[in-house]
Every structure is written in structure tokens, then in C-alpha cells.
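A.B. asks:
In UniProt numbering, the protein residues as written are 1 to 184.
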């Protein structure tokens, strides 16, 4: 893959997420997948992983399908996006989160890194929004702080399950640091 493929993925994600906003602070949604992808790029990961970071929410939050991603960006990207995507959005929040926790536990390392970068950005946003907006920020979430703490603790444990954390210390260490702040 080339930088052109990454640019194509940025354009595609921007079109798919057009008009969407982040829950608590209302910033344009595309900023989130862009930051996820740039974090993966900065960690030295291959282009297909970076592209999966850009597209990690398009199946979950838009009309896009995994088949479409596979056709446009390849099977490897579609596989990573599929692992990072929650199942049926009509399922209860707890069911969706438990499914993600279990899926990530046995996922290949590249998928774990996409999910890790996603959770880093989400936790950083939560901490920033708590600092600026206070407790009111939780009104825009389906579940409150305690449920979110449960989720992030468990997703972290699944991410680091059965891998050499030292090999990928940059991302996992960053997530652990943010998680520790969030649990205070």
C-alpha cells in the first residue's frame, strides 16, 4: 500500500463520517479516526493497519459494509475493521461491550493495536472532557463513569492477554497510563 491509499482512506472516512459529531464535546467525528490512524502511523505500523485505524468506525456508525471496505482497501483492512467493530447496534450496551472484550482477547496483534489506539483516543477524550465539562459530560453517554471504567479495565486486559506487551510498549503503556488516570 502507498500513501495514496492512506489519502484515499482519509477521504473515504471523511465522507462516511460527514456530519457526525463526538458525543461529549461536539467536535467533528472524523478527528477521532484520524487521530487513531496517526497514532498507529507514529508507532511504525504498516499502512493496512493505519488504514484500518482510519476506517475502524465506518461499519459500526455508517452505511458502509465490510465487503465495501474489502473491495476498496483489501481483505486485511476489512478483517481488522471487522474485529474493531461492535456487532448489532440494537443489542444492549453490556452485550456489545462483552462481545468486544471477548473478540479482542483472541484477536491478532494488528487488530489489538487498532483497538488499543482507538481506546487511547477515547480515554484521552474522556479525561479531557471531564476536565473541561465536568460530570455533565456523562449525560451524552449511554452508560456512566463506573460502567465505562468496567469496560476500559476489561478491554485493556483483553488487549494485553497472551501478547508480549514489551514489544508494543508504546501503545499499551500509553493506554495503561490513561486507564490508571481514569480509575482514580
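Glycine included, C-beta positions come from ideal geometry on N, C-alpha and C.
If I follow the unbroken alpha helix (DSSP H) through residue 33, where does it start and stop?
C.D. replies: As a working note, residue 33 is residue 33 in the chain shown. Residues 31-42.
A.B. asks: Within the chosen definition, does the stretch 31-44 reach the stretch 120-135 through at least 3 CB pairs nearer than 8 Å?
C.D. replies: These segments touch.
A.B. asks: Rounded to whole angstroms, what is the Cα-Cα separation between residue 1 and residue 9?
C.D. replies: On the chain shown, position 1 is the one that residue 1 refers to. On the chain shown, position 9 is the one that residue 9 refers to. Low confidence applies here, because residue 1 scores a pLDDT of 47, under 50, leaving its location unreliable and the question unanswered by this model.
A.B. asks: Return yes when the Cβ of residue 59 is within less than 8 Å of the Cβ of residue 114, no when it is not.
C.D. replies: The residue labelled residue 114 in the question sits at position 114 within the chain shown. The residue labelled residue 59 in the question sits at position 59 within the chain shown. No, the Cβ-Cβ distance between residue 114 and residue 59 is not below 8 Å.
A.B. asks: Should residue 56 be labelled buried (16 or more other beta-carbon atoms within 10 Å of its own) or exposed?
C.D. replies: The residue you call residue 56 lines up with position 56 of the chain shown. The residue in question, residue 56, is buried, as its Cβ has 16 or more Cβ neighbours within 10 Å.
A.B. asks: Compute the distance between the beta-carbons of residue 54 and residue 117, then report whether it is under 8 Å.
C.D. replies: As a position in the chain shown, residue 54 is number 54, starting the count at 1. As a position in the chain shown, residue 117 is number 117, starting the count at 1. Contact flag unset, no.
A.B. asks: Between which two residues does the alpha helix (DSSP H) holding residue 163 run?
C.D. replies: Numbered from its first residue, the chain shown carries residue 163 at position 163. Taken as a continuous stretch (DSSP letters only), residue 163 belongs to no alpha helix (DSSP H), as it is neither H nor E.
A.B. asks: Span of the alpha helix (DSSP H) holding residue 98?
C.D. replies: For the purposes of this step, residue 98 is taken as the residue at position 98 of the chain shown. Start and end: 93-105.
A.B. asks: Just mark residue 32 as buried or exposed, buried being the case when its beta carbon has 16 or more other beta carbons within 10 Å.
C.D. replies: Residue 32 sits at position 32 when you count from the first residue of the chain shown. Answer is buried; the Cβ neighbour count reaches 16.
A.B. asks: Using only the heavy atoms of the ligand ADP, determine whether one of them is closer than 7 Å to the beta carbon of residue 123.
C.D. replies: Ligands displayed in this structure: none; no statement on the ligand ADP is therefore possible.
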